[in-house]
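Residue 58 is where the sequence shown starts when you use our numbering, and the numbers rise one by one after that. Ideal placement from N, C-alpha and C gives every residue a C-beta, glycine not left out. Here the structure is laid out as structure tokens; the discussion comes afterwards.
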Amino acid sequence: MLRDLIATDVKAICEINKEALGYAFSSEETASQLARLSKDPHHFLLGYEDDASHELLGYVHAEVYECLYSNAGFNILALAVLPQRQGMGIGKILLEGLEQETKRRGYEFIRLNSADHRLGAHAFYEKVGYTCDKMQKRFIKLTKGEDLLAALPELTIE
């Protein structure tokens, strides 16, 4: 079933982030972010809980995408499902929940970015109705003097 993410989900969110996305963010930092973002109306956090076990199996996190050159929409920051539960329709259900919220708010679109090597994710997004409208590169500059690869593990060069 779909439900809001809550403070007691932190351990499960950390596990999902590590297993599905490759991010090892501490439970303390996750708890802090969840508490802050849950109160922010520009962020939408939705979880999928197993009806029988009440285990959090996945979540979607979107933020309001507003700019001077388009109407408002949602930008998906994360869609993650435990790897052993992928292929069971959970990601699709989470996106349907996000689509309902998009319509409720009167937004016109949902957008997302996906790394070029995530071919399985690309096929999934196309299967559920998303269209790839452009290819782009991301540029980033850290402002705290951290090591880029340590701060952002998804940039590890293979």
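Self-check item: Option in Arg168, Phe131, Glu106 with minimal Cα separation from Met145
Solution: Restricting attention to Arg168, Phe131, Glu106, the CA atom closest to the CA of Met145 is found in Glu106.
Quiz item: Ordered along the chain, which non-local residues of its own chain (more than five positions away) have a Cβ less than 6 Å from that of Glu215?
Solution: Because Glu215 sits at a pLDDT of 38, beneath the cut-off of 50, its placement in the model cannot be relied upon, and the following sentence gives the value as read from the coordinates. Excluding sequence neighbours, Glu215 sits near nothing in its chain.
Quiz prompt | Continuous beta strand (DSSP E) stretch holding Ala135: start and end | solution = In the DSSP annotation of this structure, the continuous segment of the beta strand (DSSP E) that includes Ala135 starts and ends at 127 to 138.
Practice problem: Can you grab the Cα-Cα spacing for the pair Cys71 / Lys191, in whole Å? | Solution: A direct Cα-to-Cα measurement between Cys71 and Lys191 gives close to 31 Å.
Quiz item: If you draw a straight line from the alpha carbon of Tyr272 to that of Ser110, how long is it in whole angstroms?
Solution: In the structure as shown, the chain starts at 58 and stops at 215, and residue 272 therefore has no counterpart that could be examined.
Quiz prompt | Collapsed DSSP secondary structure at Gly104 in the structure displayed | solution = Correct three-state label for Gly104: strand.
Practice problem: Would you check if the segment 114 to 123 and the segment 149 to 167 touch, i.e. whether three or more CB-CB distances between them fall below 8 Å? | Solution: Proximity of the segment 149 to 167 to the segment 114 to 123 meets the contact definition, three or more beta-carbon pairs being nearer than 8 Å.
Quiz prompt | Reference His118; option with closest CA among Cys189, Asp108, Thr188, His99 | solution = Of Cys189, Asp108, Thr188, His99, the smallest CA-CA separation from His118 is found for His99.
Exercise. Could you please give the first and the last residue of the uninterrupted alpha helix (DSSP H) stretch that includes Ala172?
Key: Neither: Ala172 is in no alpha helix (DSSP H) and is coded neither H nor E.
Practice problem: Give the DSSP-derived three-state secondary structure of Asp97 in the structure shown. | Solution: Three-state DSSP puts Asp97 in coil, outside helix and strand.
Quiz item: Exposed or buried, Ala172, counting other C-beta atoms within 10 Å across all chains shown (16 or more means buried)?
Solution: By the neighbour-count rule (16 or more Cβ atoms within 10 Å), Ala172 is not buried but exposed.
Self-check item: Beta-carbon gap between Gly115 and Ile147 smaller than 7 Å
Solution: For the 7 Å CB-CB criterion, Gly115 and Ile147 form a contact.
Quiz item: For Gly186, does the three-state DSSP call read helix, strand or coil?
Solution: In the structure shown, the three-state DSSP call for Gly186 is coil.
Practice problem: Assign Leu113 to one of three DSSP states: helix, strand, or coil. | Solution: DSSP places Leu113 in strand when its eight states are reduced to three.
Quiz item: Quick one: what does DSSP say Glu165 is sitting in, helix, strand or coil?
Solution: Of the three classes helix, strand and coil, the one that applies to Glu165 here is coil, per DSSP.
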